[in-house]
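Okay, structure first, notes after.
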Amino acid sequence: QTGSVSGKVTDSKNEGIPGATVLIEGSTLGSSSNMDGTYNIQNVPAGAHTLVISFVGYNTVRRPVTVTAGQNTEVAAELTENTTQLSEAVVVGYSSQRRQDVTGAVEQITEKQFVKGQVTNPEQLVQGKVAGVQITSGGGAPGAGTQILIRGGSSLNASNQPLIVIDGVPVDNATLAGASNPLSLINPNDIESITVLKDASSTAIYGSRASNGVIIVTTKRGISGEKIRVNVSTLNSVATPAKYVPVLTADEFRAYVNQYGNATQKAGLGTANTDWQKEIYRAAFTTDNNVSVTGSAGKVPFRVSAGYLNQNGLLLKNSLDRYSGSVGITPRLLNDNLKIDINVKGSVIKNNFSAQSAVNSAVYFDPTQPVTGSETRFQPYGGYFEFLLPAAGNTYTLNNNSSLRNPVGLINQRQDLSTVKRSIGNLQLDYKLPFLTGLSANVNLGYDVQRGEGTLAVPASAASDFTRGGISRQYKQNLDNLLLETYAKYTHDLGDKTHLEVLAGYSWQQFRNTQFNFDDNKADGSVYIPANRTYDGQLQYTDQYNLLSFYGRANLNISDRYLFTGTLRADGSSRFGPSNRWGYFPAGAVAWRVKGENFLADSKFVSDLKVRFGYGQTGQQDIGITNLYNYLPLSTLSTSTAQYQLGSQFYRTLRANLYNTNIKWETTNTFNIGLDYGFFGGRFYGTVDVYKRTTNDLLNNVFVGAGSNQSNAGLFNVGSLENRGIEVVANVDVVKGEKFNLTVNANATLNRNKLTKLTTSDNPNAVGIQTGNISNFDGLGSQTIQVNTVGYASQSFYVYEQVYDTNGKPVEGVFVDRNGDGTINSLDLYRYKSGRPQAVLGFGANMNYGKASLAFTMRSNLGNYVYNNLRARALFVQNSNGFVRNVSDEALYSGFTKNTDRQFISDYYIENGSFLRMENVTLGYDFGSLLKEGTTLNLSVAAQNLFLITKYKGLDPEVVDPTNGSLGIDNTIYPRPRTFTVGLNFGF
Amino acid sequence: CTKDLDQAPTYLASADVIYRDPAQILQVLARLYGGLAVTGQTGGNGPGSAQPDLSFIDEGYSNYIRAYFKAQELTTDEAIIAWGDAGLPDYNRLTWNADNQFIRAMYERIFFQISACNEFIRQTSDDKLASRGITGPEAGTIRQYQAEARFLRALSYFHAIDMFGNVPFVTENSTVGENPRQGTRAEVYTYIESELRAIEPLLLAPRSVYARADKGACWALQTKLYLNAKVYNPSVTGNFDAAAVAADKLLRASSGYSLTPNYTHLFLADNDRAALRNEIIFPVAFDGINTQNYGGTTFLVHGSVGGSMDAAAYGIISGGWFGMRARRNLVDLFPGFPGATTDQRALFYTAGQTLEITDPSAFTDGYAVTKWRNVTSTGVPGKDVTGTFADTDFPMFRLADVKLMYAEAVQRGAQPISTSGTALQAVNDVRLRAGAPALASFTGDGLQNILDERGRELYWEGSRRTDLIRFGKYVSGYNWPFKGNRGASDITTGRDVEPFRVLFPIPTTDLVANPNIKQNTGY
């Protein structure tokens, strides 16, 4: 009494898997699948059985089946790819390697591990996913800039951004006018994997740009012989403010002013109840639609995609529209000996920035005042309520003692628009030379071109620019980056599983940045400040630098057990003078794949074990586009507003600039010891890395001896800093079943940053270099809250120690005399904590039950401290002439009223900013072939920024300014929204 | 292909190109003068503007005149400031230390200026000019420019030794990038003196081109240098006679200089009018459209306005900054104010203000000073429509100062010179112009009369600290509210401070950057 079992084994794309093994458990009956993935097992005894379906590289699936005599039972099985697979290809510089052969600290995140939901910028795909990589957005605006810090950052004044390589083109990280984040011009939907190279042995092949790590972005490709598939997806989301900045309500504010204010201030109170933050924020909708066609046209695999994103910001009027497209063609010619790779990506973004200054003014604007005032005195300002001062003859003038303007007016009376375009593309030819087996040559021609332009229009009636008669202004910038790269690779089998690969190459890259000068006009079009002609009489100017490189790498693999890698890159940069131009960056690594040894070969417990050790030198040269010619003695022509009068004529002047003929590379030495592990048949796997990175010859903005050069300070190679840390990654397949699967991944990073040298000569009285501007009140001038001092973390807070009364309440203006000299002065400041987290944690899980799936990503920073600038400003200022600012609810507690500089730099306002954020939760359901065989339909529902657990009293403790690297100073940021998304993905 | 690594921008200029073209050389010279007025190459909008001259300092603070005013006036009996910028209250109270950012701003601005002048002098040597094809009359013009650069360098060295004592000593013969050695105060004094003597014949005739350093400027600086010489080098002799001789070159009728009839017009937006050029010997020129920054007279006008003062009346509709007021000692120099004085120089605003100061940070404590304004003599606001940047020029040297210096030199033992008259006549010239009655005679040696007259005539023009030190009344023997203040008892009277405070400290940053430099005693 037997029956038969048949069915189809498919992958996640519903493609048949040929050659899969299908067994009846506990018997010798079985079959393998055909070319189309179907199988058929005859003569199966009737009754209940279990089918075990397996294939290399996929997770094994078990399916119950009840066989009826004389009948065929259909059992289909979908196999999911096994990502732990050691033979998975990992992208490294200029090539890819099997996971098991990698000798450096390299982490690769592929599409299915990406953060889901509404992702606008590519870097958000891996936020919280990679150990040692801290990704922080500057705020919640669409397309906001991001700070990416790998292993704490190796530089002080030079850029700490990693090198980003997109499909083989190292892209420009100069900021483009009109784009808050140039990476937002890349559509995340086109990305297949993001690989992060962290240690010197993996990054040194990129030489002088590698000190802060390398991020390699690989976009999706067509596969040869594949059927043409169309994928259409749409994501629609609504974002709402998760929280508002805690300031006084109108009633609280009235009571507050009545308690502390003078007669004028009390009289100035209004009767309205306006919540300014609610006035300027909204529920914001986003729609993100993508279509892609992947397949093979004849023998030419291709992928074409198009996307349209319309994202609205929380702030009224703020929006981003992105139109993107990409084409990838990857034919193989000459018996597959010539691989051609053509990629062209392009996008256009239209930004409406609204009025970002409203974010701040909505916090501080008087809540007792109405949005608009019907009185005639407000008519000149578009009817918006503004602070006015009485003038002669019962008239009023704008109160210019206040830079606070009506937040709603700011938004409605401002059109801040930009259009930015970017295209990245390359043509890569890889040819296996016929005369020598194992030798191939590669040529890569690439470009990265960006165009940014924008306009700003403010009517003459806007209070913000009333005195100058409004604004009509434009700007424009071009960035052009060209790449020519060629390398040869030779691979050779030395027998006994011993393998050698050698690579040598040459690269030329050019970066041009052209800026255009325009008249600055008033609203009526008349010229306010005329455009400046440059020294050579142009209305535009171009900065250019070139990079020439030679590089090589050798990999030796002995018996799959002992792995050796050596790399060397020589980089020449036009940023430095002839004697310092060339830098040489060597690195080496050894790895012992313990798993490959006989004693572990059959171990069921240990599925992978590899020890890695790497050392190398990398460089940094990116000191910003304004510092391209430091080694040359040059003079700058002044603008028309910085002329000087001699006789009756004004002269645009020529100023000699400071120069440093000896300027050269920063050098970072990195030691890395790593362990790759896998246990329980690969169900528990991950890595542990310990590193120490020392940067010498820091490109550091230091004081020079007075009179020795043309300024008081400049960029010199002075100083050292150190980052030490541990990174742990663990992945656990907790449950691996037929219906239910649960995998959990976690990563943790501990990094300690310390400055070890900052000046040429040591002086015990030197406090270091103060940094970190804060916002205080009129009459206090500019103040800083942080300091860089040898022996401490960079950007440590530098503050007075607050004195508290017996009830634990702070006493205003009273501080601890820390040096005991009887007076409180700058010598009593001390270094207290820093904005850098002690630990950065990421935690995620994926589970599925049948066709339903649930995934989430959480992030946590521990031990990062934040200066709460809003609380520091919670004091009553008597001197405010005709207006009063709203304050944090802190003011009701402290009751501070003295506007003194010291109180602003008290440690009372340094708060622990540790947090746990639910970055993303996604619930999905796979309807499979609902409509027609071969189609797929997925529905997902996601929530982003669902909750934030922190003791921090402000809006959000994650505060960085990607434009200047400042961190840990919270002076109100554009709030990060809470977003709910519904997504639909249809494939056929 | 490695030639690609030689990149030079076309929008920046190299010395080789500039110094072939007299027109461009003049643009560099304009920048040397501009070193006293501007803060960068883009019109200085506070921190973060694109081309500041100095780093690690708020761009507005780094302005020469702003730093000079704060160092010379806030540390004296004439002025106090409300603002709490770190280190600024220490100026009010004479309690500064070597980390003070305002002291550093002054020091760095002085040496920025000296470095710029050195570079100009270096590039305009006869050899270099000849090698770049500049010869004949053109070379003569450039030589005269070079003399002006040497004047500006001497002026800054004068400020350097006056405020800091022994200072880094760099000339056109020093190598760029090398740390300079420290010159003694006496040595640098001698250097300044010899430079001024050397350039005197090369400079333009008096008043030939507005705002250029001409012979008149040279004589004025010589007068000031000689008058203060014993402060810099106690063993100097004959300096008072030398001061009188230099002053006489300006005071004698044939010089063409004269006091302007209306005192108040000296500090207004149109003080570059021809009518005032006979009194203002050397101005630092500002302009609300073309020479913008947050120092200079923009700072002086805005900083003086606050309380119930109508900003529009001072030509600054963008608002007052609620900063400086007079200490009572200054007001007390005008007995009978506000009612009984006829002296036009008592320019105080009293409505809502108190004479006594109990809280320096409250603008209404202390009388406000209305001397600096951004309106013209006919009451029209300055050119900047936003009412931010001032047109008013800053008189670095003016004739009334020279008259008082002459009088002082004579009272200190110099031989009077007939073409300049007696000391008493010189003082009375100044008094009468301002509507104050003439003095019948000096009291005693007349020095107290002269010091007080300098206070009345020159207050808030950056002269006071130097004057009080020369008269031996800076650190002890004469006090003012908040001086040396450590507690409530010193608020109204002040107290003596340590003798070493006649000099400012060398900023710690320079001690770190240049190991050749030693700190002044006491700090």
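Heads up: the sequence lines are chains A and B, in that order.
Quick note on numbering: this note's numbering labels position 930 of the first sequence as 930, and the sequence is numbered without any gaps.
Quick note on numbering: this note's numbering labels position 84 of the second sequence as 84, and the sequence is numbered without any gaps.
Each residue gets a CB set at the ideal place from its N, CA and C atoms; glycine is no exception.
Neighbourhood of residue i by C-beta distance below 7 Å, restricted to the same chain and skipping five residues each side
i, result
"residue 52 of chain A", "23, 25, 60 and 62"
"residue 71 of chain A", "3"
"residue 181 of chain A", "121, 143, 144, 145 and 146"
"residue 317 of chain A", "352, 354 and 411"
"residue 331 of chain B", "337, 348, 355 and 367"
"residue 47 of chain B", "Residue placement at residue 47 of chain B is flagged as unreliable, the pLDDT there being 42, under the threshold of 50; the coordinate-derived value follows with that caveat. The residues are 58 and 59."
Presumed contact (8 Å Cβ cut-off) between residue i and residue j, rounded CB distance
i, j, result
"residue 618 of chain A", "residue 589 of chain A", "Wrong, their Cβ atoms sit about 13 Å apart, outside the cutoff."
"residue 563 of chain B", "residue 872 of chain A", "Residue 563 of chain B lies beyond the range of chain B shown here (1 to 523); nothing can be said about it."
"residue 391 of chain B", "residue 287 of chain B", "6 Å"
"residue 430 of chain A", "residue 442 of chain A", "5 Å"
"residue 468 of chain B", "residue 76 of chain B", "6 Å"
"residue 105 of chain A", "residue 674 of chain A", "5 Å"
"residue 660 of chain A", "residue 631 of chain A", "6 Å"
"residue 220 of chain B", "residue 282 of chain B", "6 Å"
"residue 163 of chain A", "residue 210 of chain A", "6 Å"
Boundaries of the beta strand (DSSP E) in which residue i is found, first to last residue
i, result
"residue 492 of chain A", "471-495"
"residue 262 of chain A", "No beta strand (DSSP E) contains residue 262 of chain A, which DSSP labels as neither H nor E."
"residue 454 of chain A", "439-458"
"residue 265 of chain B", "First-last for residue 265 of chain B: undefined, no H or E at that position."
"residue 350 of chain A", "338-352"
Status (buried if at least 16 other CB within 10 Å, exposed otherwise) for residue i
i, result
"residue 17 of chain A", "buried"
"residue 541 of chain A", "buried"
"residue 494 of chain B", "buried"
"residue 804 of chain A", "exposed"
"residue 492 of chain A", "exposed"
"residue 1 of chain A", "exposed"
"residue 932 of chain A", "exposed"
"residue 527 of chain A", "exposed"
"residue 459 of chain A", "buried"
"residue 291 of chain B", "buried"
Neighbourhood of residue i by C-beta, 8 Å cutoff - its chain only, sequence neighbours within 5 removed
i, result
"residue 898 of chain A", "812, 813 and 875"
"residue 615 of chain A", "200, 201, 587, 588, 589, 669, 670, 671 and 672"
"residue 544 of chain A", "510, 511, 512, 513, 574 and 628"
Beta-carbon contacts of residue i that lie in its chain and below 6 Å, excluding the five residues immediately before and after
i, result
"residue 455 of chain A", "417 and 474"
"residue 298 of chain B", "389 and 390"
"residue 126 of chain A", "109 and 194"
"residue 466 of chain B", "162"
"residue 940 of chain A", "922, 924 and 983"
Residue i Cβ short of 7 Å to the ligand MN heavy atom set
i, result
"residue 370 of chain A", "As far as ligands go, the structure on display features none, and thus does not contain the ligand MN."
Limits of the unbroken alpha helix (DSSP H) element including residue i
i, result
"residue 1004 of chain A", "For residue 1004 of chain A there is no data in the structure shown, the boundaries of chain A being 1 and 988."
"residue 455 of chain B", "447-458"
For the 8 Å Cβ check, are there 3 or more pairs between the region 357-372 of chain A and the region 240-254 of chain A? yes
Below 8 Å, how does it come out for the region 343-363 of chain A and the region 376-390 of chain A: are there three or more Cβ pairs, yes or no? no
So, do the region 685-701 of chain A and the region 490-506 of chain B have three or more beta carbon pairs nearer to each other than 8 Å? no
Segment contact flag, the region 291-305 of chain A with the region 251-268 of chain A, C-beta cutoff 8 Å, min 3 pairs: no
Would you be able to state if there are at least three C-beta pairs under 8 Å between the region 208-222 of chain B and the region 392-405 of chain B? yes
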